[in-house]
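These notes are about the structure you will find just below.
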Amino acid sequence: MPTMAQLMDALPEPAGEITALPQGIVPERLEDWALRPVPVGAFRRLRVLGTMQAEVTAAYIFLWLRGWFKTAAEKERLTAETQWSTALRVLDSMSYLRGATMKVGQMMANFPDIMPAALVETLERLHYDAPPMHWSLLKEMVHNELGGDPEDRFASFDKRAFAAASLGQVHRARLNSGEDVAVKIQYPGIARTIRQDFRNLFFFLLPARFSRYWENLRQQFEDLRMRLEQETDYEQEAIMQDRVRRLFRDDEGVVVPRVYREHSTSRVLTMDYLRGQTLDQFVASNPSQDERNEFARQIVRAWYRLLYAGRLFYADVHPGNFLRLDDGRLGLIDFGLMLELDEGMWGQFRKMDRPMTTGRRDERIAAVKDHNLISDDPADEERLHLTEQLCDWFWKCRYCGREFDFGDEANFRHGVSLMIELGRKRYARGRPYQPVIARQTFGIHALLYRLKAKFDAKALAEADIAMTGWDRSDYAHPSDRSSAS
Amino acid sequence: MRVTAQTKAATRQRILDAAQGLFAAQGFEAATTRDIARQAQIAVGTLFNYFPTKEAVALCLVSEAHARAAEQFAADRLADSAEPLTLEEELFAHVAAILRKLKPFRKYLTAVLDTTLSPLTTLSPLTSEQADGDQPLRTVHLETVSQIVLRHGPEPPSTVALHLYWTLFLGVLAFWSKDTSPRQEDTLAMLDESLAMFVGWLTTRTNQQQNHNSGG
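Chains as they are written, first to last, in the working numbering: chain A, 2 to 486; chain B, 110 to 325.
The following block contains the structure:
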């Protein structure tokens, strides 16, 4: 039986595969690529295509798995590889829904031995996209969901969407009670279509059930399914949004829009409309260094608050989700994708805190080995080295104990190449949630790089951690960094 | 005894009210013409003077709701003329208005579809009522569609286009009558796709014909 590496080496080069950051590409491009916005121009026949594409995908995955589990003759193997290459092109041309596929990619990255890098990367580039809704359809959705026409349920309602949302679109409106609101509406039936597609995909993976990876694979799929349901269920999002909102006091400069439950269902989410600039618009307005620093501090403060007080990871790190409001406060929107740290994950996170925040290299290496289940085997040496380097890159701003320059291009490029190298070598395995956390943390760093921000992240973090009552008095003095890299 | 037009109309309405109540309470299949007659306090034979079959009663209920929807659609269009809709939006709004009014009859629409609305049916049991001024549902519906298309293009739709549209519309109705999705959201998606397909086809065809005419 050929090894995975041999099989992959023998594969024809699929069109458009990105295996490394090409020379000369600016780091922003990489982020753009990962967080491509939803195109709203083209009208896609999603329900038809969605099912068909998922089945094609699944069929090819099935073929590939079958080829892997059986000892294949050279000729058959080549046939399978050609089919695989075709499948990649099919996948590459698919672009039907935002969000979910990124998670498929993240999930599959956990199984480097059964999922070829090319598939993982292709899946990561796919975005789920719902067709835009015209006014007549939208009106019926509002009527069916809220029990009345937009004209009756709202004092005013903009017929044109002002933003694309996860599987739908957002309209401005005013409630009869006078509040300006944003109304997020989901394309009818799309949530159930996606679930059905993923059920089909799972069915086609069943031939892998006798492999030693099966239990993990099954769990990952279940996790993915649950997250998809979270993302497509606006009721869940409303609950999460309220929960995040309660984490901030009014005077803390962070605004999470209030949800209007009587105007919300699982398909419609009505919340305060926030007036302000997106992060990109803010940067384009040529703000002063102080303004950049303050905006960045607000973002990081919110990030830490969610993490330490809420035990939540804000998983949709997109420049459009961070608004600089007209009054200077930070507006945080879109809570469809949240990773909640359960007791086990939180325990792991706490365990990592001391070695990471004190910056001692030996402790960090030990923690990375333990956390990522890396053995002392020399074969694991490179993986250990790269993972440790990435951890150092993530946490340096915290242990350096002074103002950190997030806009340093050399430093940011270093982080980008570490992320790519880890991804390319398929080292991003370990604990299931880890790639998600790494990606989100990287996303925050990318935003701070874009802001060219300089500030003391440690001071911000310490203040927030102290509020939670977490006793870290046994940590060594922060100046004790003699062995830090 | 001479039965006046007024009495006739009142009896007809009593039958329709009784039928609607029974269909809703017992379901279309379970309710019999005997039950309807009893509920309307008339003899079964009298009922047959008005409606030849139970399906004809159902079709009449559906046709009346459809007529109310057409009126509503026309009124809404006049009231909301500030921002004109596209062809696709207007066709969608038309069908949506109908679905809203037909909602009480959704579950037994298939019975009506099977017997009278199908493109395979050439003879409507209501043809005889045309003398009283009633128009078959299909005629009323397609007349509105023709007007909508004409508002957005140079020519009214051809017979083929109308036939194609009618088939799509009946398909949506059939889908809707069996739709088990929450608040029948799948029907909205189905209608959206069907009309996008129809409008896409119609527009391409119109453009082709115009090119042909200008070229020839």
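The beta carbon of each residue, even a glycine, is placed where N, CA and C say it ideally should be.
- Within chain B, the residues S290 have their CB atoms less than 7 Å from the CB of A:R193, given in chain order.
- Chain-order list of chain B residues neighbouring A:W347: empty, with the shortest C-beta distance near 35 Å, by a criterion of under 8 Å.
- For the pair B:F214 and B:F132, the CB atoms are nearer than the 9 Å cut-off.
- Of all alpha-carbon atoms in A:R276, A:Q187, A:V318 and A:D371, the one lying nearest the alpha-carbon of A:R330 is that of A:R276.
- Measuring C-alpha to C-alpha distances from A:L326 to each of A:V301, A:E364 and A:L280 identifies A:L280 as the nearest.
- When the beta-carbon positions are compared, A:D354 and A:R440 stay at least 9 Å from each other.
- Beta-bridge partners assigned by DSSP to A:F407: none are found.
- Going by DSSP, A:A166 is part of no alpha helix (DSSP H) but of the beta strand (DSSP E) stretching over F155 to A166.
- A:E263 sits in a helix when the DSSP states are folded into three classes.
- B:D144 has its alpha-carbon roughly 45 Å from the corresponding atom of A:R262.
- Proximity of chain A to B:L196 at the Cβ level (cut-off 7 Å) is not reached, the minimal Cβ distance being about 11 Å.
- Residue-level contact check: A:S157 does not touch chain B, since none of the beta carbons of chain B fall below 9 Å from its beta carbon.
- When A:V182, A:E230 and A:R250 are compared, the shortest CA-CA separation from A:A156 is found for A:V182.
- Residue contact with chain A for B:D144: absent (no Cβ-Cβ distance below 9 Å to any residue of chain A).
- Counted as a single uninterrupted DSSP element, the beta strand (DSSP E) harbouring A:T271 occupies residues V269 to D273.
- DSSP, reduced to helix, strand and coil, places A:R276 outside both helices and strands of the structure shown, so it counts as coil.
- In this structure A:R259 touches A:M272 by the C-beta definition: roughly 6 Å separates them, less than 8 Å.
- Around B:L297, the beta-carbon contacts reaching into chain A at under 7 Å are L138, E141, M142 and P189.
- Comparing C-alpha distances from A:M134 to each of A:Q170, A:F158, A:G148 and A:R154 shows the shortest one belongs to A:Q170.
- Inter-residue distance for A:G444 and A:H319 is about 8 Å (C-alpha atoms, whole angstroms).
- In this structure, DSSP gives A:Y315 an extended state, which the three-state scheme calls strand.
- By the 16-neighbour rule on beta-carbons within 10 angstroms, A:Y309 is buried.
- For A:P288, the closest of A:A454, A:I375 and A:T388 by C-alpha to C-alpha distance is A:A454.
- At a beta-carbon threshold of 7 Å, the residues of chain A lying near B:E192 are K160, ordered along the chain.
- Residue-level contact by beta carbon holds for A:E146 and chain B, with a gap shorter than 9 Å.
- Inter-residue distance for B:A139 and B:A128 is about 11 Å (C-alpha atoms, whole angstroms).
- Among the bridge pairs identified by DSSP, A:L331 is matched with A:V255 and A:R325.
- Between the stretch 145–155 of chain B and the stretch 115–129 of chain B there are three or more C-beta pairs closer than 8 Å, enough to call the two in contact.
- Under the three-state reduction of DSSP output, B:D288 falls in the coil class, being neither helix nor strand.
- Taking C-alpha positions only, B:T313 is separated from B:L304 by approximately 14 Å.
- In the three-state reduction of the DSSP assignment, A:A183 falls in the strand class.
- Close CB contacts of B:A179 within its chain, under the 7 Å cut and outside five residues either way in sequence, are with V249 and T253 (chain order).
- Exclusion of the five residues before and after B:E294 leaves no residue of its chain whose Cβ lies closer than 6 Å to its Cβ.
- With respect to chain B, the C-beta atom of A:H372 has no partner C-beta closer than 9 Å.
- In this structure, A:S137 lies near B:A205, with their beta-carbon atoms less than 9 Å apart.
- Neighbours of A:H264 across chain B, judged by C-beta separation under 9 Å, do not exist; the nearest C-beta is about 16 Å away.
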